[in-house]
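Before any comments, here is the structure.
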Amino acid sequence: MTRISEEQVRHVAHLARLAVTDEEVHKFTEQLDAIITFAEQLNELDTSNVKPTSHVFNMKNVLREDKSELGLDREDVLKNAPDQQDGQIRVPSIIE
Numbered sequence: 001m002t003r004i005s006e007e008q009v010r011h012v013a014h015l016a017r018l019a020v021t022d023e024e025v026h027k028f029t030e031q032l033d034a035i036i037t038f039a040e041q042l043n044e045l046d047t048s049n050v051k052p053t054s055h056v057f058n059m060k061n062v063l064r065e066d067k068s069e070l071g072l073d074r075e076d077v078l079k080n081a082p083d084q085q086d087g088q089i090r091v092p093s094i095i096e
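In my numbering, the protein residues as written are 1 to 96.
In structure tokens form, the structure reads like this:
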């Protein structure tokens, strides 16, 4: 008994804009069924004493300190700009 149909595989492939052959649909159906079967086995585990976690490692605030630093010199940046005006980089308008 499969838990996923070939029609569902075709539908997902269509949503993902993937062109798949009948042979690939059959292969993916079998592979996805195996994955779903394994996931169902995980549901049989007793996790009532397992605390929810957001990360497997006990880490807190591993981000770098937020501090300001000097940026590039304005004149050096403007030298590389294809178009500039009044000390600003000009870009094409994207709003119609």
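All C-beta atoms in this analysis are idealised placements derived from N, C-alpha and C, irrespective of residue type, glycine included.
For this session: Please name the residue, chosen from Thr2, Glu96, Leu70 and Glu6, that lies closest to Asp22 on a Cα-to-Cα basis.
Result: If we check each option's Cα against that of Asp22, Glu6 comes out closest.
For this session: Can you tell me the Cβ-Cβ gap for Ala81 and Ile89, rounded? I've got them flagged as a contact below 8 Å.
Result: Taking 8 Å as the upper bound for CB-CB distance, Ala81 and Ile89 are in contact here, some 4 Å apart.
Problem set entry | For His55, the first and last residue of its enclosing alpha helix (DSSP H) | It is not in any alpha helix (DSSP H) - His55 carries neither H nor E in the DSSP assignment.
For this session: Following the continuous alpha helix (DSSP H) through Ala13, name the residue where it begins and the one where it ends.
Result: Glu6 to Leu15 is the extent of the alpha helix (DSSP H) around Ala13.
For this session: Indicate whether the contact test is met: 3 or more Cβ pairs, each with one atom in the stretch 28 to 35 and one in the stretch 2 to 18, closer than 8 Å.
Result: The stretch 28 to 35 is in contact with the stretch 2 to 18.
Problem set entry | Per-residue burial, Val9 [other beta carbons within 10 Å of its own, 16 or more giving buried] | Residue environment: Val9 is assigned as buried (16 or more neighbouring CB atoms within 10 Å of its CB, all protein chains considered).
Exercise. Which of helix, strand or coil does DSSP assign to Val36?
Worked result: Note that residue 36 corresponds to Ile in the displayed sequence, not to Val. Note: Ile36 maps to helix in three-state DSSP.
For this session: Please name the residue or residues paired with Ile94 in a DSSP beta bridge.
Result: Note: Ile94 sits in no beta bridge, so no partner.
For this session: Could you check the C-alpha separation between His26 and Gln84 for me, to the nearest Å?
Result: Spanning the two alpha carbons is a distance of roughly 57 Å.
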